[in-house]
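Presented below is the structure to which this report refers.
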Amino acid sequence: MTAMPPPVVTREHGLHLLSQMLRIRCFEDRCAELYSAGKIRGFLHLYNGEEAVAVGVMQSLQPVDAIAGTYREHGHALARGIGMRTLMAELLGKEAGCCRGRGGSMHIFDAATRFYGGNAIVGGSLPLAIGLGLAEKLHDRKAIAVCFFGEGAVAEGEFHESMNLAALWSLPVLFVCENNYYAMGTAWARSEVQTSLLAKVAGYCMRGESIDGMDVLAVETVANQLVRDVRAQRTPAFLEARTYRFRAHSMYDPQLYRSKDEVKGWEERGPLIRLTSRLKEAGLMTEDDFQRLQSSANAEVDDAVQFAEQATIEPVEELQRFVYAEETL
Amino acid sequence: MTAMPPPVVTREHGLHLLSQMLRIRCFEDRCAELYSAGKIRGFLHLYNGEEAVAVGVMQSLQPVDAIAGTYREHGHALARGIGMRTLMAELLGKEAGCCRGRGGSMHIFDAATRFYGGNAIVGGSLPLAIGLGLAEKLHDRKAIAVCFFGEGAVAEGEFHESMNLAALWSLPVLFVCENNYYAMGTAWARSEVQTSLLAKVAGYCMRGESIDGMDVLAVETVANQLVRDVRAQRTPAFLEARTYRFRAHSMYDPQLYRSKDEVKGWEERGPLIRLTSRLKEAGLMTEDDFQRLQSSANAEVDDAVQFAEQATIEPVEELQRFVYAEETL
Amino acid sequence: MSAAEAITRRTTYRDAVRDGLRQALLRDPRVFLMGEDIGRYGGCFAVTKGLLEEFGEARIRDTPLSESAFVGAGIGAALGGLRPIVEIMTVNFSLLALDQILNTAATLCHMSGGQFPVPLVIRMATGAGRQVAAQHSHSLEGWYSHIPGLRIAAPATIDDAAGMLAAALACRDPVIIFEHMNLYNSQGELTAAAASADLEHAAIRRPGRDVSLITYGASLFKCLTAADQLAMHGIEAEVIDLRVLRPLDAKTVIESVQRTRRAVIVDEGWRSVGIAAEISARVMEQAFYDLDAPVQRVCSVEVPVPYAKHMEEAALPQVAQIVAAVASMFNHGQ
Amino acid sequence: MSAAEAITRRTTYRDAVRDGLRQALLRDPRVFLMGEDIGRYGGCFAVTKGLLEEFGEARIRDTPLSESAFVGAGIGAALGGLRPIVEIMTVNFSLLALDQILNTAATLCHMSGGQFPVPLVIRMATGAGRQVAAQHSHSLEGWYSHIPGLRIAAPATIDDAAGMLAAALACRDPVIIFEHMNLYNSQGELTAAAASADLEHAAIRRPGRDVSLITYGASLFKCLTAADQLAMHGIEAEVIDLRVLRPLDAKTVIESVQRTRRAVIVDEGWRSVGIAAEISARVMEQAFYDLDAPVQRVCSVEVPVPYAKHMEEAALPQVAQIVAAVASMFNHGQ
Ligand SMILES: Cc1ncc(C[n+]2csc(CCOP(=O)(O)OP(=O)(O)O)c2C)c(N)n1
Ligand SMILES: Cc1ncc(C[n+]2csc(CCOP(=O)(O)OP(=O)(O)O)c2C)c(N)n1
Ligand SMILES: [Mg+2]
Ligand SMILES: [Mg+2]
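Respectively, the protein sequence lines represent chains A, B, C and D.
Going by our numbering, the first sequence opens with residue 1, and the numbers climb by one from there.
Going by our numbering, the second sequence opens with residue 330, and the numbers climb by one from there.
Going by our numbering, the third sequence opens with residue 659, and the numbers climb by one from there.
Going by our numbering, the fourth sequence opens with residue 993, and the numbers climb by one from there.
Listed below in structure tokens is the structure:
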């Protein structure tokens, strides 16, 4: 999409990025199988095609930073460092899952990595991120909050309210809009009259950038600048990552709203293909390297599935635990 | 504020505009007295200082047009042609009131003039106006919907959602933002980081104008263009009228948030003073004319108060009437 | 085929709802549909599939994700003389529009002194049981029925799925129709009775003399199953489908309880301050002296509904609990 | 002067609430306030007056009109280690934030498997009686108490006005404190008991043997007046102030009813599917065999509250109705 000179990348870092994306792709594909097999249930929203966004942005984040996302958050969870075993156990509804099997695919939470979900209400995590940013500001800490959301959330009132609050109060929040051009079956241009996100962002006097979200190196570079500035200047920023979801919205979606050709066009520019050929062309990676990453991702997923399958379920007697917190402050 | 050549106005029309504004001013002042006397109760939000907006905009509207407003709507109701008697009776909680005394100051409704309130939830009438505009569009009628709201509503999610819907669907809706620079005690610049309303409006690709809302002729002229275009082109438009409320937010407000000088400065540029001196300077009105308009407004208010005082209250047995509509369709 | 002409035929709940929508669109040019993904996508539950093709974009309006604005626009459109049918994809998202529903739709007619009735129909899918976890499993229809000015319908049967919409459109009040997600695939007979579905009466779906099982929506079928099991133990349960949660047909309920002298209310909503509490209170007030045992409630456990299947099942009312509740009444009463 | 050290002194409910807020701000640097017009304006009901001057803009945060975002921000701030006290000016505007309250605040701890408690306090003014009409007169605290995961407090007395906030801040759950608008000017003694105000127990405000009047919030004073009138007729009413609507202290209620054998519930909320229904249902379930007469409810008429004074009065529960309800029980029972 935007033509920019290939950022410099070392072999090591290039392979790292690719392996992260491969892990996600491999995990998501396995989830689809497990869904067909009836082992994963409920709603399942896969991240295939969008891996470069989560992986690219996470590179600049520190353990102290706080993250909020949507129901399409497996990729973010993995890129953030939540263990694949606990993630898969969650999807299989097991007690070893990060939420004891209570959340499932749409509600991944992890206190250790400051991963605040996992929100099944479109736009619902934006105000949360404002509050997380506010906490950093009032505590006078140096962490930032990052909020991932789909372009569908932009039409919601909460987007508007949250953008204004973040800017008005100068909060260290990075808004990452994953514009995959569809909200379920509703094309972006059929939901917004102003389709330039940056024009919208101007309505809040907030710094914004729009990037090719299929190019992990581009995402990483721009996100890195924005994260640095948000952290240093304690002001919010906005990042639009133009991307595409390769699979159905969720597992129930016949995809009547887009053509096979359109999907195919985007697949050909997919983030894995893009980085793979770039690394190969630059002589930084061989086919063997690639195969090794691929099998290692597969092995990790195999292990996670095995772990999850063998894990036990939460005793039903615990149903009423945690409606209220167990200790007081 | 903005310097524009004085629009041409005839004596007749000039006096008409002035008399409309005087009626409102006089009505509002009397309301304040009646409130102190305990005859009007509940919340009372007066329109003093903002008369030019309602009066200026209403000039271009037709009886078929639909209007929605806020709790600060006496001026709009009067300018729209709702009888002063029924209005005053409403404020006194009498059955002869336009809502049988059930609505009071914040809930003026009148089917005959298509006046849809009267809404005490900030931002609450914006979606309503969208629907009224949609009805005109789907019915293929030539009417438009006009929505008055304070600048405080701009921060609400409903503003954002409604602006987008109106623009996306090309609805014949005129948004009139009465920017009186305060939402209760919150100054405009303390509630929005982007204080240019037109910059916000650009986020919805909507045509917008900002005018000196203390100059009724300017309001009338610009509103007239916008109304004409909305009506002809069936697309929405946005009008910011910069104005000021001379009185407290409601009757409970000690006004700690603004200085007496600030208020005084605005009063000196008030819509009545402005038009009066303009008409006099242009030789279109004498002091006698002015006194006549003033007394006629007073007399109308006297009559309305007398009517309202003498009117009877709704029988308490009717309390449960109209929870549901009385006839079916 | 209109509901009125219907010869009894087998269909699904989903198709019955769609049929109701089609008939409404055909019958009245003022009717239009508005909601998220009802057009191109074909509806989140495929209920509106094909309607865009048949009726066009003006009348089958896909909306952006703006629940408050498009519900409010429905109110405005109703005031402007149209007959909007607004779909909120599921009840879980309706909280975003609750201000418009409570403060405007439910209130306008009364506070305008009768000038502005709001003939608006809102449809939403409701309910749990599909492992979609805490934020997607609400059953708030009983909770909504707290609000004066609204009419709350909960069609459980195929006839009601097809027919209640016409009743909703025939009145000038805001009506919310809650369709339980788990019913869309259910099959049954669509009969001529669909044409006379009203918004007034509860229905006795199974007569019985020993205990009244009072319920609505998808729980109806759990109650019918429980009634079958109870019958094997010689207990004849009367099963009442409330159909409409507001205004409540207390008469049918009370008369049944007066006959059976015992009642169990079954509701997928959370127990406290739900519709089951209301019915228990009504029985208390109107049939206290007729009771042989205290009225019981079988409701959802008061927790956010968890994802894991065994936990979700434990959170929701099940047939065994209904049977146990009834059985305990007979033990106690004896 | 902290509630703990308080020597009994006369004050208003408004000042008692402010005192509670001040103490919290002084005690814990993580506490901050956020809401519309709480700072410069001094609070819509003058509750927060002076706090901006004392604690500064960082901790007394005026917000734009964005209920959903600033309530959600409160949740996020709580997760981030702060102890936010969010003011929603009145319950009437809280519907705009209900998605955040129900789908996030109330749900997060459970659905995250206990990882993310939400120690958030939300305060809102509630109630009718000031002729502010349909959209500004809601009493939804009973309705809110349907939601698992929330704690719902309704301080009626000066001690509770001052003391419940500390209890709310001492727990890690989302607590909503409903302050009835008509109480702000009420006067009374602030005593050392404020320091031990909890979020667990109902309180017997007047002991009596003949009937239990169960209520909360501003209606407490109507019940106390009714009890005085009943006493003149030889009926000794026990008056129970629920104080906390969720979780409900059913034990205190049930034990009282078991003693008095009669109960009337008084609630300014709409009657159907309200907290009064819940209490009636609990009594049905737990004290049915102890009752001499069916439990009654005195609630608001199910209409949007009208502006005109006589109509508003007719819509709300009044002392005469409470007295009449009690009297009717004795007539019937005899
Ligand atoms: C408030 C709300 N309304 C509707 C839905 C149903 N829904 C789930 S995902 C979705 C589309 C969201 O699209 P987008 O924000 O672009 O994210 P994407 O799925 O493309 O990642 C919709 C409408 C919801 N979850 N929440
Ligand atoms: C949703 C909502 N939040 C808060 C309030 C309380 N409130 C009433 S008027 C007002 C200020 C509104 O200011 P603005 O929109 O600028 O209108 P103005 O009063 O200046 O005409 C506030 C905060 C309300 N009525 N509705
Ligand atoms: Mg999308
Ligand atoms: Mg203003």
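All C-beta atoms, glycine included, are put in the ideal place defined by N, C-alpha and C.
Euclidean distance between Cα positions of residue i and residue j
i	j	result
C:S770	B:R650	11 angstroms
D:K1243	D:P1309	25 angstroms
A:H107	A:K94	14 angstroms
D:Y1299	C:A764	16 angstroms
D:Q1123	D:V1293	16 angstroms
C:M839	A:T235	44 angstroms
B:A626	D:K1301	29 angstroms
A:V9	A:R278	10 angstroms
A:Y252	C:A735	32 angstroms
A:D215	A:V55	11 angstroms
A:E281	A:E51	21 angstroms
A:E267	A:G123	27 angstroms
D:F1322	D:D1284	9 angstroms
B:K368	C:I805	31 angstroms
A:S210	A:L174	13 angstroms
B:T550	C:R698	43 angstroms
B:I642	B:E362	21 angstroms
C:M689	B:G460	Checking the sequence, you will find Val at residue 689 of chain C rather than Met. If I take the Cα positions, the gap works out to 14 angstroms.
B:S348	B:R603	13 angstroms
D:A1038	D:M1116	13 angstroms
Classification of residue i by the beta-carbon crowding that lies within 10 angstroms, buried from 16 upward
i	result
C:Y947	exposed
D:A1146	buried
D:E1192	exposed
A:L256	exposed
A:N180	buried
C:R696	Residue identity differs from the one stated: residue 696 of chain C is Ile in this sequence, not Arg. C:I696 is buried by the Cβ-count criterion.
D:G1042	exposed
A:R23	buried
C:E694	buried
B:R536	buried
Near ligand 5: residue i beta-carbon under 7 angstroms from a heavy atom
i	result
D:V1290	Ligands present in the displayed structure are limited to ligand 1, ligand 2, ligand 3 and ligand 4, and ligand 5 is not among them.
Cβ neighbours of residue i in the same chain (closer than 8 angstroms, five flanking residues each side left out)
i	result
D:A1312	none
D:R1143	A1160, C1163, D1165, P1166, V1167, I1168, L1191, V1236, R1238, P1239
C:N750	Q793, H794, S795, H796
C:T666	E847, L848, T849, A850
Neighbourhood of residue i by C-beta, 6 angstroms cutoff - its chain only, sequence neighbours within 5 removed
i	result
A:R231	I144
Residues near residue i in its chain [Cβ-Cβ closer than 7 angstroms; skip 5 each side]
i	result
D:T1217	V1311
Problem set entry | Residues passing the C-beta test against ligand 3 heavy atoms, cut-off 6 angstroms | Listed by chain position, these are A:G150, A:E151, A:G152, A:N180, A:Y182, A:A183.
Exercise. Closer than 9 angstroms, Cβ to any Cβ of chain C: which residues of the stretch 106 to 125 of chain A, in chain order?
Worked result: In summary, the residues of the stretch 106 to 125 of chain A whose CB is separated from some CB of chain C by less than 9 angstroms are M106, H107, N119, A120, I121, V122, G123, G124, in the order they occur in the chain.
Problem set entry | Selection of the stretch 486 to 498 of chain B by Cβ proximity to chain A, strictly under 8 angstroms | Result list: G486, E487, F488, H489, E490, N493, A496, L497.
For this session: May I ask you to list, following chain order, the residues of the stretch 458 to 480 of chain B that have a beta carbon less than 8 angstroms from some beta carbon of chain C?
Result: Listed by position along the chain: A458, I459, G460, L461, G462, L463, A464, E465, L467, H468, A474.
Exercise. If contact means a Cβ-Cβ distance below 7 angstroms, which residues of the stretch 625 to 654 of chain B contact chain D?
Worked result: The stretch 625 to 654 of chain B vs chain D, Cβ under 7 angstroms: I642, E643, V645, L648, Q649, V652.
For this session: Using a Cβ-Cβ cut-off of less than 8 angstroms, give me the residues of the stretch 1283 to 1309 of chain D that come near chain B, in sequence order.
Result: Only those residues of the stretch 1283 to 1309 of chain D whose C-beta falls short of 8 angstroms from the nearest C-beta of chain B are listed: V1293, E1294, V1295, P1296, P1298, Y1299, A1300, K1301, H1302, M1303, A1306, A1307.
Exercise. When Cβ atoms are compared, which residues of the stretch 196 to 209 of chain A fall closer than 7 angstroms to chain B?
Worked result: Hits within the stretch, in order: A199, K200, A202, G203, Y204, C205.
Exercise. What residues from the stretch 1107 to 1124 of chain D come within 8 angstroms of chain C, judged by C-beta to C-beta, listed N to C?
Worked result: Answer in chain order: no residues at all.
Problem set entry | Residues of the stretch 1188 to 1216 of chain D with Cβ closer than 9 angstroms to any Cβ of chain A, in chain order | Listed in sequence order: no entries.
Exercise. Going along the chain, which residues of the stretch 1124 to 1136 of chain D sit with their C-beta nearer than 8 angstroms to a C-beta in chain B?
Worked result: Taking 8 angstroms as the Cβ-Cβ cut-off against chain B, the residues of the stretch 1124 to 1136 of chain D that qualify are V1124, A1125, A1126, Q1127, H1128.
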